[in-house]
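One structure is given below, encoded as structure tokens.
Protein chains in written order, with this note's numbering: chain A, 3 to 340; chain B, 2 to 267.
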């Protein structure tokens, strides 16, 4: 498409870049998703033409997928947050510790605030002191987890439907036959898409990740942008933590273990660049469900569960390599095309 | 300038510098990049800034722009009013725009995002007006940057553009916001002959529009013809200030050699 438009004699109109060039990475990830789904259907048609399997992973995927949506912002700014599994647990622990005294709504707000504070600390250390986020968020991972284990004294809290009917209605009971977890994730995806693509904050997230010096020269407060991105991850982590605990009827003090790599994989699989400056919330959304589907699909298809990680690895490596190749091709086309 | 006190109000307003720096110093750790600089740009004036590498030209510009904060004791005046909380956002809101040597673009982003960097247009709900930014960008590209080629579209990323086209984005960005004072930091570096010609024409047009500019360049043959006044910086100090009527280009070149050797213009 690009070739035909550039070989025409130049007129006074400018033509948009091709659809492939603008949405290359998203199209790639959707293609990987469809290919994977077809192969699952071929491998186990009885399982994958039955709706139950879809209901199962629509309940579990949002538990880490919600965080992946927010983490996309931090990765676009060129940083990473490894401490969110601990923030999930710490925020939910604060909820459990305060709920009997202050009631569910206030305790929830306190929990989410805890997430915001944890994120603000991460952001401040990274943006103000210029410490590499890869290093400092390993430190705060231990810090937040340690604080939570001390506060809870290592023990969990049951969160039964009798004691918390409201929370179970909001986080567990399906709505219109659709798992409510997925509805939350769709809602979050719409909200965060708007935040990233239709607000000044979102515009600045892209600019700060692309070239922080240019952004500062043009008057953008890079410290504040990064801090807000980390705070977003903190709040969404605690929200996902509450949802996860209600789903399991129990708050485990070790909650969040095992979420780290799935979440980060969803962000990168979704086409967000490790180098910062580009990325998409919708990409992370689709990628989270692909990862969730592999998890549910392998087991339901009767394949040995040991193959799960092999499948994860293959899908992630292949799709990230494909994205890079597509990206390079697009660049070369647009350079030679002029 | 002391005469302003007795002159009628209208004349004094016309003489009041757009921007004035008094006793401005800037120290980075143990390095003193600027020391005791007095510097002013009057309305409708093009001021040239000359000096060797490391003379402090870029630091001075970034201080004017609010990117660097002057050491305590330095004062910044905008239209005669002292401003204490100077910042890039503040300077841009007051109508000072800079075309940086490093161009200050975000190259993985589409042109329209670069054009409105830090100044994004919003609709009545406070959300970004992406449609309007794209359209304005396309209009500006056609009217000011001379892009008619089908290959350049507001959604194209900046990486795919040539050096001159990138410079065009930086210049158009400064124009769009109707700057009163445009700062050009070595704008001709890395440009082809025709692109350089275009950039110098742009500087002349700033004066025709009644606006002011600060023009920094290594090449005195670029600077001398377009400016009204010249500051020569040497090792962080103002080594000399000349009205163009007072000095010929040859004389200026002699003095620049002298200052490089001895640190004194005379």
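For glycine and all other residues, C-beta sits at the position ideal for the given N, C-alpha and C.
Helix, strand or coil: which one does DSSP assign to residue i?
i	result
residue 2 of chain A	Outside the displayed span of chain A (3 to 340) sits residue 2 of chain A, for which this structure offers no information.
residue 193 of chain B	coil
residue 73 of chain B	coil
residue 39 of chain B	strand
residue 84 of chain B	coil
residue 305 of chain A	coil
residue 56 of chain A	helix
residue 98 of chain B	strand
residue 238 of chain B	strand
residue 243 of chain B	strand
residue 106 of chain B	coil
residue 230 of chain B	strand
residue 64 of chain A	helix
residue 214 of chain A	helix
residue 133 of chain A	coil
residue 201 of chain B	helix
May I have the straight-line CA-CA distance separating residue i from residue j, to the nearest angstrom?
i	j	result
residue 223 of chain A	residue 217 of chain A	8 angstroms
residue 231 of chain A	residue 65 of chain B	30 angstroms
residue 200 of chain B	residue 36 of chain B	31 angstroms
residue 157 of chain A	residue 112 of chain A	20 angstroms
residue 263 of chain A	residue 215 of chain A	31 angstroms
residue 170 of chain A	residue 100 of chain B	57 angstroms
residue 213 of chain B	residue 206 of chain B	10 angstroms
residue 353 of chain A	residue 99 of chain A	It is not possible to answer for residue 353 of chain A, since the shown part of chain A is limited to 3 through 340.
residue 92 of chain B	residue 69 of chain B	12 angstroms
residue 209 of chain B	residue 278 of chain A	42 angstroms
residue 5 of chain A	residue 160 of chain B	Per-residue confidence for residue 5 of chain A stands at a pLDDT of 38, beneath the threshold of 50, marking its modelled position as unreliable; the derived number appears in the next sentence. Residue 5 of chain A and residue 160 of chain B: Cα-Cα distance of roughly 19 angstroms.
residue 267 of chain A	residue 38 of chain B	53 angstroms
residue 244 of chain A	residue 87 of chain B	45 angstroms
residue 158 of chain B	residue 320 of chain A	26 angstroms
residue 167 of chain B	residue 104 of chain B	8 angstroms
residue 176 of chain A	residue 241 of chain A	18 angstroms
residue 140 of chain B	residue 61 of chain B	34 angstroms
residue 162 of chain A	residue 55 of chain A	25 angstroms
Do you know whose CA, among the options, lies nearest residue i's CA?
i	options	result
residue 220 of chain A	B/229, B/187, B/174 and B/164	B/174
residue 164 of chain A	A/246, A/313, A/294 and A/252	A/252
residue 283 of chain A	A/191, A/310 and A/250	A/191
residue 115 of chain B	B/73, B/170 and B/30	B/170
residue 246 of chain B	B/255, B/180 and B/230	B/230
residue 186 of chain A	A/42, A/124 and A/66	A/66
residue 45 of chain B	B/224, B/98, B/215 and B/238	B/215
residue 106 of chain B	A/120, A/212 and A/55	A/212
residue 186 of chain B	B/102, B/89 and B/31	B/102
residue 40 of chain B	B/33, B/32, B/34 and B/50	B/50
residue 122 of chain A	A/189, A/52 and A/83	A/83
residue 33 of chain B	B/20, B/71, B/112 and B/181	B/71
residue 70 of chain A	A/293, A/96, A/120 and A/324	A/293
residue 160 of chain A	A/145, A/240 and A/102	A/102
residue 16 of chain B	B/23, B/42 and B/125	B/42
residue 287 of chain A	A/179, A/136 and A/265	A/265
residue 195 of chain A	A/74, A/42, A/37 and A/39	A/74
residue 274 of chain A	A/145, A/152, A/322 and A/143	A/322
Give a yes or no on whether the C-beta atoms belonging to residue i and residue j are separated by under 8 angstroms.
i	j	result
residue 165 of chain B	residue 192 of chain B	yes
residue 129 of chain B	residue 123 of chain B	yes
residue 232 of chain B	residue 25 of chain B	no
residue 46 of chain A	residue 205 of chain A	no
residue 272 of chain A	residue 78 of chain A	no
residue 313 of chain A	residue 296 of chain A	yes
residue 63 of chain A	residue 291 of chain A	yes
residue 58 of chain B	residue 67 of chain B	no
residue 254 of chain B	residue 221 of chain B	yes
residue 183 of chain A	residue 60 of chain A	yes
residue 181 of chain A	residue 68 of chain A	no
residue 149 of chain A	residue 92 of chain A	yes
Hey, residue i and residue j are a contact pair by Cβ (cut 8 angstroms); roughly how many whole angstroms apart?
i	j	result
residue 235 of chain B	residue 260 of chain B	5 angstroms
residue 300 of chain A	residue 316 of chain A	In fact, because the Cβ distance is near 12 angstroms, the residues do not count as touching under 8 angstroms.
residue 235 of chain A	residue 76 of chain A	6 angstroms
residue 77 of chain B	residue 184 of chain B	Actually they do not touch by this definition, with Cβ atoms about 14 angstroms apart.
residue 229 of chain A	residue 129 of chain A	6 angstroms
residue 85 of chain A	residue 139 of chain A	4 angstroms
Kindly say whether residue i, judged by its beta-carbon, lies nearer than 8 angstroms to any beta-carbon of chain E.
i	result
residue 108 of chain B	Annotation note: the requested chain E is absent from the structure, which comprises protein chains A and B.
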